[in-house]
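What follows is a short report on a single structure.
Protein chains: 2
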Amino acid sequence: MDVFETVNTILAVRAFQSTPISSEQIKRILESGRLTGSGSNQQPWHFIVVDDPPELAKLAELAKSGPYIAQAPVAIVVVVDRTALAVSDGSRAIQSMILTAWSEGIGSNWVGYVGMKGVNELLNIPENLDVLAILPFGYPVKELGQGKKKRKALAEVASHGKYGMHLG
Amino acid sequence: MDVFETVNTILAVRAFQSTPISSEQIKRILESGRLTGSGSNQQPWHFIVVDDPPELAKLAELAKSGPYIAQAPVAIVVVVDRTALAVSDGSRAIQSMILTAWSEGIGSNWVGYVGMKGVNELLNIPENLDVLAILPFGYPVKELGQGKKKRKALAEVASHGKYGMHLG
């Protein structure tokens, strides 16, 4: 699937088939994160692959907004340095990873912001690093192409020349 | 170009041909930003297309790290709300945009962090919004596929099961 089609069709997936993700695919997703550009090439990230079902269940319990992590065959926990650009760089890496996955038919969703401190402890993550996201990955239960994005119109989020000027 | 190939080959571009970018391509790049997922679907972003050469020269002067903006046929200034997730969401949108561009042979680079306050004034951006990046877009002077990424090895940035455990 080409990039624009991938960006255009990708949806958050919160229900996964039990079908495993091959290790080649997991590797390609990880490589997509690793190869992403970052400010001053700092690469302020670390990716932890979790595929043990009891561990996935513990992650699901810690991340209140992501109970569906427990059903996913695999999750990648994205950890970043506590530096100014790390949230930005980590978010770019996450976007690369979920786009690569979707282009191969694999769904994901960004789970984060609540309960992440507990994840540090569970996965032996040093205290000076933050968990930016847990990304469960799996084949979606719903067929791809079902579902629609809800987004503001382009005219509402884009301008030409100066802020607020109509995009021709 | 498929997603993984795009992620794998994309490089920062800091020298552009004067060849214009078609309005269809600019629209597709903007759409890639607009269609990106965001926390709670807040879409905390705004994209300003700048294609007037004197304005591009002024942007280049303000953004000390991006003198090459002046050569680009077009730049998109990415503006975000001052909310907790906006940097993260805006960074994801930027990644979608630069990947879509690269897949069509168009290069870019994230310019930001220094001099952005002046951009608010230049482009009439409300004071409650931050300029996250200026993205110049253009056909690269160097042929695509030239140049190599410098990244840490996968074993250094990825673990299996727990932080620091060897990725099999």
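Residue numbers (our numbering), protein chains in the order written: chain A, 1 to 168; chain B, 169 to 336. Beta carbons are placed, not taken as given, at the ideal position from N, Cα and C, and that holds for glycine.
Original post:
Do we get a CB-CB distance below 7 Å when we pair ALA60/A with the residues of chain B?
Top reply: So no, ALA60/A is outside the interface.
Subject >> Within chain B, partners of ASP52/A - CB distance below 7 Å >> reply: Per Cβ cutoff of 7 Å: GLY329.
**OP:** Tell whether a beta-carbon distance below 7 Å holds between GLU259/B and VAL7/A.
**Re:** According to the sequence as given, residue 259/B is Ser; it is not Glu. No Cβ-Cβ contact shorter than 7 Å links SER259/B with VAL7/A.
Subject >> Beta-bridge pairing of LEU297/B - partner residues as DSSP gives them >> reply: According to DSSP, which records beta bridges pairwise, LEU297/B is partnered with ASP249/B.
**OP:** Identify each residue in the stretch 205-216 of chain B for which the Cβ-Cβ distance to at least one residue of chain A is less than 8 Å, and report them in chain order.
**Re:** Answer in chain order: GLY205, GLY207, ASN209, GLN211, TRP213, HIS214, PHE215 and ILE216.
Original post:
What's the C-alpha gap between TYR307/B and ILE274/B?
Top reply: In a straight line, the C-alpha of TYR307/B is about 5 Å away from that of ILE274/B.
Subject >> ARG28/A versus PRO222/B: straight-line alpha-carbon distance, rounded >> reply: So the two alpha carbons sit approximately 43 Å from each other.
**OP:** Using a Cβ cut-off of 7 Å (strictly closer), state whether ALA158/A contacts chain B.
**Re:** Answer yes: the Cβ-Cβ gap between ALA158/A and chain B drops below 7 Å somewhere.
Subject >> Range of the contiguous alpha helix (DSSP H) that encloses PHE16/A >> reply: Premise fails: PHE16/A is in no alpha helix (DSSP H) and is neither H nor E.
Original post:
Can you pull the DSSP bridge partners for VAL309/B?
Top reply: In the DSSP assignment, VAL309/B is bridged to no other residue.
Original post:
Can you find a C-beta in chain A that's less than 7 Å from the C-beta of GLY268/B?
Top reply: A small correction: the amino acid at residue 268/B is Thr; Gly does not occupy that position in the sequence shown. Chain A contact via Cβ: present.
**OP:** Could you tell me whether any Cβ in chain B is nearer than 7 Å to the Cβ of THR6/A?
**Re:** With 7 Å as the cut-off, THR6/A counts as an interface residue toward chain B.
Original post:
chain B beta carbons: is any one of them nearer than 7 Å to that of GLN95/A?
Top reply: Chain B contact via Cβ: present.
Original post:
For ARG28/A and chain B, any beta-carbon pair shorter than 7 Å?
Top reply: Answer yes: the Cβ-Cβ gap between ARG28/A and chain B drops below 7 Å somewhere.
**OP:** Output, in chain order, the set of chain A residues within a Cβ distance shorter than 8 Å of MET169/B.
**Re:** Here the neighbours are ASP2 and VAL3.
Subject >> Among LEU167/A, ALA70/A, TYR163/A and GLY161/A, nearest to ALA155/A - alpha-carbon criterion >> reply: Comparing Cα positions, the closest option is LEU167/A.
Original post:
Which chain A residues sit within Cβ distance under 8 Å of ALA180/B?
Top reply: Under the 8 Å cutoff, chain A gives GLY37.
Original post:
Are the stretch 287-305 of chain B and the stretch 13-26 of chain A touching, with three or more C-beta to C-beta distances below 8 Å?
Top reply: Judged by pairs of C-beta atoms under 8 Å, the stretch 287-305 of chain B does not touch the stretch 13-26 of chain A, as fewer than three such pairs exist.
Subject >> Chain-order list of residues whose beta-carbon lies under 7 Å from that of ALA326/B (same chain, five-residue window excluded) >> reply: If we look at ALA326/B and ignore the five residues flanking it on each side, its Cβ neighbours are LEU335.
Original post:
How is VAL114/A classed by DSSP in three states: helix, strand or coil?
Top reply: Coil.
**OP:** Would you give the residue range spanned by the beta strand (DSSP E) that ALA240/B belongs to?
**Re:** First-last for ALA240/B: undefined, no H or E at that position.
Subject >> Cross-strand partners of PHE215/B (DSSP beta bridge) >> reply: PHE215/B pairs with ALA158/A and VAL246/B.
**OP:** Please look up how many angstroms separate the CB atoms of THR36/A and SER88/A, rounded, as I've assumed it's under 8 Å.
**Re:** Actually they are not in contact, since the Cβ atoms of THR36/A and SER88/A sit about 11 Å apart, beyond 8 Å.
**OP:** Name the one or two DSSP bridge partners that ILE302/B has.
**Re:** ILE302/B pairs with VAL245/B and VAL279/B.
Original post:
So with Cβ pairs under 7 Å, would you call LYS152/A a contact of chain B?
Top reply: LYS152/A belongs to the set of residues whose beta carbon lies under 7 Å from a beta carbon in chain B.
Original post:
In whole angstroms, what separates the C-alpha of ASP298/B from that of LEU224/B?
Top reply: Within the model, the alpha-carbon separation for ASP298/B versus LEU224/B is close to 19 Å.
Subject >> Three-way DSSP call (helix, strand, coil) for ASP220/B in this model >> reply: Coil, per DSSP.
Original post:
Using a beta-carbon distance below 7 Å, is ASN292/B in contact with chain A?
Top reply: Chain A places a beta carbon closer than 7 Å to that of ASN292/B, counting this residue as a contact.
Subject >> Contacts around THR83/A, its chain only, beta-carbon distance under 8 Å, and the 5 residues preceding and following it disregarded >> reply: For THR83/A, where only same-chain residues beyond five positions count, the Cβ hits under 8 Å are GLN42 and PRO44.
Original post:
Around the Cβ of ASN128/A, are there at least 16 other Cβ atoms within 10 angstroms (buried) or fewer (exposed)?
Top reply: Counting of Cβ neighbours within 10 angstroms places ASN128/A among the exposed residues, the total staying below 16.
Original post:
What are the partner residues of ASP170/B, as DSSP defines its beta bridges?
Top reply: For ASP170/B, the beta-bridge partners assigned by DSSP are ASP2/A.
Original post:
Among LEU179/B, LEU230/B, PHE172/B and GLY332/B, which residue has its Cα nearest to the Cα of ALA301/B?
Top reply: For ALA301/B, the nearest C-alpha among the options comes from LEU230/B.
Subject >> MET97/A in three-state terms, based on DSSP >> reply: Residue state, collapsed to three classes: helix.
**OP:** Would you mind telling me which residues of chain A sit closer than 8 Å to GLU289/B, beta carbon to beta carbon, in chain order?
**Re:** Residues of chain A passing the Cβ test: none, with the nearest at roughly 11 Å.
Original post:
With 16 other CB atoms within 10 Å as the buried threshold, where does VAL80/A fall?
Top reply: VAL80/A counts as buried, since no fewer than 16 other beta carbons sit within 10 angstroms of its beta carbon.
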